[in-house]
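S.K.: Protein chains in written order, with the numbering used here: chain U, 1451 to 1834; chain D, 1451 to 1834. Think of the CB as a built atom: it goes at the ideal place given N, C-alpha and C, for glycine as much as any other residue.
Following this line, the structure appears as structure tokens:
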């Protein structure tokens, strides 16, 4: 943003692209403190249509639908673009922190022959000679890679063919995946705590302008509280007052998450780890707690009342894994390449996945995840 | 790798996972110069099967087919894993250099409603209510984003449904994409030259061990020679001696690329930019050279005789772009969201895409791109 002064009139519509030759001078009244006295202006491109809406105001007055329908224009609004500058800083901080922690970046295939976690929610792809699907997660691949690299991460697209029509679900999103060997549940929570701190520092360091544009405050914390799901449910007085009850085998539903987030926010915590989800609430590879086999050594991270991470320890023993697959009615023959890693010996390991768009949306206070997705895909939207 | 000495015998098969407690002491004869005198060994996991091949030798004696069939085991061989440590360093160097150059990272959708560059080579996806495809490239999206962020990059999967059965093609690969505004062809080549230097420095800094394991020498250069395609073809004496001739409208075919690479390698150049490809050899968005409209302001980068980058300047004028789409028999109605960026005014811009697996394979001297792909996808392989 720079202020340019010309002699005489220049015919310049909004969004015209120009090359300016001139002399700059300090001027405290100009944006950025600099003004350019133009001696020549060349128009490099001129809009060919009347702009569908005005992007010159500090706040964009357009519905989410309009913003997404006209992505090429809406992205040029500083407040719209700022969200993605923050997302870029978060992803950069994620990778650089994990690289410094000795993790190797991997790129695994998104075209798979088998569902990662059971058959539901898959997109079919027409592949020569056989059925293929879009991967719901790099879960099985990142586990295989732990056997070779010990600590890995991946940033990539994942796919959910689900009929959800909510403000927090998409058919395609960016998953920030981590998987590390020789770790335990507390170690995983420590790892994510340090990682989040590094990601927020990256936002402060590289997207300070975007943060100011959006007028947001970054969370700051030394540690993140950890609470067992059963304890969370035991806060019955608090929960019941809001008309909420849980059965022991249940997952935390969205309303419960929001409430729990509120309870912790009132105590000054933006983040809370909820741990030890029951076995039926987690996938087949989740490691049951040896001390209490009805629950798994798993966790979700809630950020201001929204789940932004799911993770936990995984079963690393071959026999136990095969038995658990049977319990989940999965056919081991569909998982040959995955099971081989365990048959060849695997270290204890665990990991987690952060939804980049959810984390970004929550950080900027967006009411819908689509505000934090460049080109969202859902039941109704495949373009642009 | 560490040498452990025990008292008495321990039953430890290869690939067993162990926890060792003991005392370390310097020993020049041990790998890494350290030996551990064990006081306790706990077996955390034991292979459940006889390993399908031996990974304890310095060189893995197994065919590519076997290596890929048994990915979970083959990846544990130091020479196999080293290739991916180098790929990770290349990708990290790519992002960090471009971030320092003021580029914003983007994540664009891989589920698209229209072919990027015409109808061939697309994978169909069963999407609710309408046809959808896997993106061949983020080309149109990264151009849209230049209108908002001016300089962008993306690291992501791209898809080619092609019947190729070659050592250099895959149905899915990782594309390192760049697109920047207010640049010209020479600026693009300068940008990629500095970028490649930074990526190779990242390999040296972060994957020095992998480089040593593979015994490879990293290319080093101050600049990269630039040659017009027509000049390349004019080296007729050299080319004809190898039985090769070109018609002016032709692209460089693989044999021609290898030969050109050899010609430059003999002159001490690992890399060469070949520029100004004819209009019919490039996509609809390639910018024709105003000084010679039969050729485009485009380039390929050859690395030791293999194309590892395609790029160039793009048409930024709305009318010219529409006219060129008509020339390429494309229906503008299928490109509404893309064309809007140009209708709203776009700066002159250009970009390029580097195939991560190809660059890695060429750097490590792999004879087949599959050696540089964690989980390759082709006509015959969808697992693991």
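#1: Give the straight-line distance between the Cα atoms of residue 1755 of chain U and residue 1549 of chain D, rounded to the nearest whole angstrom.
#2: Since residue 1558 of chain U contacts residue 1604 of chain U with CB under 8 angstroms, what's their CB separation in whole angstroms?
#3: For residue 1585 of chain U, is the classification buried or exposed, using 16 other Cβ atoms within 10 angstroms of its Cβ as the cut-off for buried?
#4: Select from the region 1623 to 1634 of chain U all residues with a C-beta closer than 7 angstroms to any C-beta belonging to chain D, and list them in chain order.
#5: The beta strand (DSSP E) with residue 1748 of chain D in it runs from where to where?
#6: Are the C-beta of residue 1787 of chain D and some C-beta of chain U separated by less than 7 angstroms?
#7: Compile a chain-ordered list of the residues in the region 1478 to 1504 of chain U whose CB is closer than 9 angstroms to at least one CB of chain D.
#8: Can you give me the C-alpha to C-alpha distance between residue 1698 of chain U and residue 1654 of chain U, rounded to a whole angstrom?
#9: Is residue 1465 of chain D closer than 7 angstroms to residue 1835 of chain U when the C-beta atoms are compared?
#10: Would residue 1561 of chain U and residue 1808 of chain D qualify as a contact pair, given that the criterion is a beta-carbon distance under 7 angstroms?
#11: Can you tell me where the beta strand (DSSP E) holding residue 1491 of chain U begins and where it ends?
#12: Cα separation between residue 1822 of chain D and residue 1477 of chain U?
#13: Extract the residue ranges of the beta strand (DSSP E) inside the region 1566 to 1607 of chain D, only unbroken runs of 3 or more that lie entirely within it.
#14: Just how far apart, CA to CA, sit residue 1454 of chain D and residue 1635 of chain U?
#15: Can you tell me whether residue 1489 of chain U is buried or exposed? The criterion is at least 16 other CB atoms within 10 Å of its CB, across all chains shown.
#16: Name, in chain order, the residues that DSSP records as bridge partners for residue 1719 of chain D.
#17: Restricting to Cα atoms, I'd like to know which of U/1541, U/1683, U/1504, U/1480 is closest to residue 1523 of chain U.
#18: Given a limit of 8 angstroms on CB to CB distance, which residues of the region 1788 to 1801 of chain U reach chain D?
#19: Are any of the Cβ atoms in chain D nearer than 7 angstroms to that of residue 1594 of chain U?
#20: Is it right to say residue 1537 of chain U is buried, meaning 16 or more other beta carbons lie within 10 angstroms of its own, or is it exposed?
#21: Just by C-beta distance, which residues in the region 1645 to 1679 of chain D are closer than 8 angstroms to chain U?
#22: What does DSSP give as the partner residue(s) for residue 1468 of chain D in the beta ladder?
#23: Would you grab the beta carbon distance between residue 1574 of chain U and residue 1581 of chain U for me? Rounded to a whole angstrom, and I think it's under 8 angstroms.
#24: Check the Cβ-Cβ distances between residue 1575 of chain D and every residue of chain U, and say whether any is below 7 angstroms.
#25: Give the range of the beta strand (DSSP E) segment to which residue 1622 of chain D is assigned.
#26: Return the residues of the region 1504 to 1515 of chain U that lie within a Cβ-Cβ distance of less than 7 angstroms from chain D, sorted by chain order.
#27: In terms of DSSP beta bridges, what is residue 1724 of chain D paired with?
#28: For the beta strand (DSSP E) that residue 1756 of chain D lies in, which residues bound it at each end?
#29: I want to verify the contact list: residues of chain U whose CB lies under 8 angstroms from the CB of residue 1767 of chain D, in sequence order.
#30: Are any of the Cβ atoms in chain U nearer than 7 angstroms to that of residue 1560 of chain D?
#31: Less than 7 angstroms between the beta carbons of residue 1676 of chain D and residue 1723 of chain D, yes or no?
#32: DSSP puts residue 1520 of chain U in a beta bridge; with which residues?
#33: Give me the subset of the region 1738 to 1749 of chain U whose CB atoms are less than 8 angstroms from a CB atom of chain D, sorted by chain position.
#34: Using a C-beta cutoff of 7 angstroms, does residue 1556 of chain D count as contacting chain U?
#35: How would you call residue 1819 of chain U, buried or exposed, if buried means at least 16 neighbouring beta carbons within 10 angstroms?
#36: State the DSSP-derived secondary structure class of residue 1698 of chain U, mapped to helix, strand or coil.
M.R.: Straight from the coordinates:
#1: 32 angstroms
#2: 6 angstroms
#3: buried
#4: 1624
#5: 1748 to 1753
#6: yes
#7: 1494, 1495, 1496, 1497, 1498, 1499, 1501, 1502
#8: Below a pLDDT of 50, predicted positions are generally treated as unreliable, and residue 1698 of chain U, at 49, falls in that range; no measurement from the model is reported.
#9: Only positions 1451 to 1834 of chain U appear in the structure, and residue 1835 of chain U is not among them; the question remains open.
#10: no
#11: For residue 1491 of chain U, the enclosing beta strand (DSSP E) starts and ends at 1484 to 1495.
#12: 55 angstroms
#13: Counting whole runs of 3 or more residues, the region 1566 to 1607 of chain D contains the beta strand (DSSP E) stretches 1574 to 1577, 1580 to 1584.
#14: 28 angstroms
#15: exposed
#16: Note: residue 1719 of chain D is not bridge-paired with any residue in the DSSP secondary-structure output.
#17: U/1504
#18: Within the region 1788 to 1801 of chain U, the residues whose Cβ lies closer than 8 angstroms to some Cβ of chain D are 1788, 1790, 1791, 1792, 1793, 1794, 1795, 1796, 1797, 1798, listed in chain order.
#19: Judged by the 7 angstroms Cβ criterion, residue 1594 of chain U is in contact with chain D.
#20: buried
#21: Cβ contacts with chain U: 1656.
#22: Within the DSSP secondary-structure output, residue 1468 of chain D pairs in a beta bridge with D/1493.
#23: Contact holds; Cβ gap of about 7 angstroms.
#24: yes
#25: Counting along the chain, the beta strand (DSSP E) containing residue 1622 of chain D begins and ends at 1622 to 1631.
#26: Taking 7 angstroms as the Cβ-Cβ cut-off against chain D, none of the residues of the region 1504 to 1515 of chain U qualify.
#27: D/1677, D/1750
#28: It spans 1756 to 1764 - the beta strand (DSSP E) in which residue 1756 of chain D sits, taken as one unbroken run.
#29: In chain order: 1495.
#30: yes
#31: yes
#32: According to DSSP, which records beta bridges pairwise, residue 1520 of chain U is partnered with nothing at all.
#33: none
#34: yes
#35: buried
#36: For residue 1698 of chain U, the predicted model reports a pLDDT of 49, less than 50, meaning its position is unreliable; a value from the coordinates is still stated below. If DSSP states are grouped into helix, strand and coil, residue 1698 of chain U belongs with coil.
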